[in-house]
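Here is the structure we will look at, set down as structure tokens.
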């Protein structure tokens, strides 16, 4: 009976991960192959094709400058997904490393990491993003700087708590008796137990980061035009919402699609690790 229940659980939870991976994989393939798939230049203007509705010639229609919207949407995926992934790398590594050190060693290290965390948490996140974006100018560098400053906090919190809980376990005590160095214990014993939850958290955090990238583009302080970006495209299309709905709706659907795919992957991984 127990075996049957276990098999049923496995069958119920497995599809979520695979659906998310398929959805995300499809989007990545479309973005990577955009120069091959799309017959149009994403920056080429053609005023004779001004605000054409979706059809056979232009799958997603054209924008106010006659540019092919399908082409620009896929090139925007290349831009936004690249920033989303690259901006997560440093905070992920820094947050887990600091969290493990604080939780395992405690004392002064834990106090310093705690003080740094409390300092950055005190600033309203979106206000900090906007201030740095204004100071550094439009473009991806403002997003990278901001997320480097505050993105590590969530990973640090998780790694710190788990390290503190695990450092007194019997297998860590055994590793110390065997003469393992602290570095080896941190990265060979603690890290494998922390990384599954951190990866699940990474998927959730990527959704939040994507929202930030799109929001900055929407406000005009993200990726500089004419570089395709989902946030900028949604903002530009607002003016024509009643006459050309596709300008904002279709790029917006890609944002939602990406968020759903990442959420499915996160939920599926959580089920697997659990």
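Residue numbers (full-length UniProt numbering): 1 to 274. Just so you know, even glycine gets a beta-carbon here, dropped at the ideal spot from N, CA and C.
Asked                                                                                                                        : Found
Residues bridged to residue 80 (per DSSP)                                                                                    : For residue 80, which the question treats as bridged, DSSP gives no partner whatsoever.
Inter-stretch contact at 8 Å, needing at least 3 Cβ pairs: the region 57-73 / the region 28-46                               : yes
Residue 41 versus residue 227: straight-line alpha-carbon distance, rounded                                                  : 12 Å
One or two residues paired with residue 62 in a DSSP bridge                                                                  : 68
Among 77, 36, 51 and 55, nearest to residue 257 - alpha-carbon criterion                                                     : 77
Status (buried if at least 16 other CB within 10 Å, exposed otherwise) for residue 60                                        : buried
Neighbourhood of residue 221 by C-beta distance below 8 Å, restricted to the same chain and skipping five residues each side : 130, 133, 134, 138 and 142
Cβ shell of residue 144 (< 6 Å), same chain only, five flanking positions each side left out                                 : 87
Distance between residue 177 and residue 29 (C-alpha atoms, nearest Å)                                                       : 50 Å
For residue 119, the nearest candidate out of 107, 100 and 152 (CA to CA)                                                    : 152
Other residues of its chain near residue 72: CB distance less than 6 Å, five sequence neighbours each side excluded          : 42 and 228
Pairwise C-alpha distance: residue 95 and residue 116                                                                        : 11 Å
Simplified DSSP state of residue 272, which is helix, strand or coil                                                         : helix
Distance, residue 248 Cα to residue 183 Cα                                                                                   : 50 Å
Range of the contiguous alpha helix (DSSP H) that encloses residue 128                                                       : 125-136
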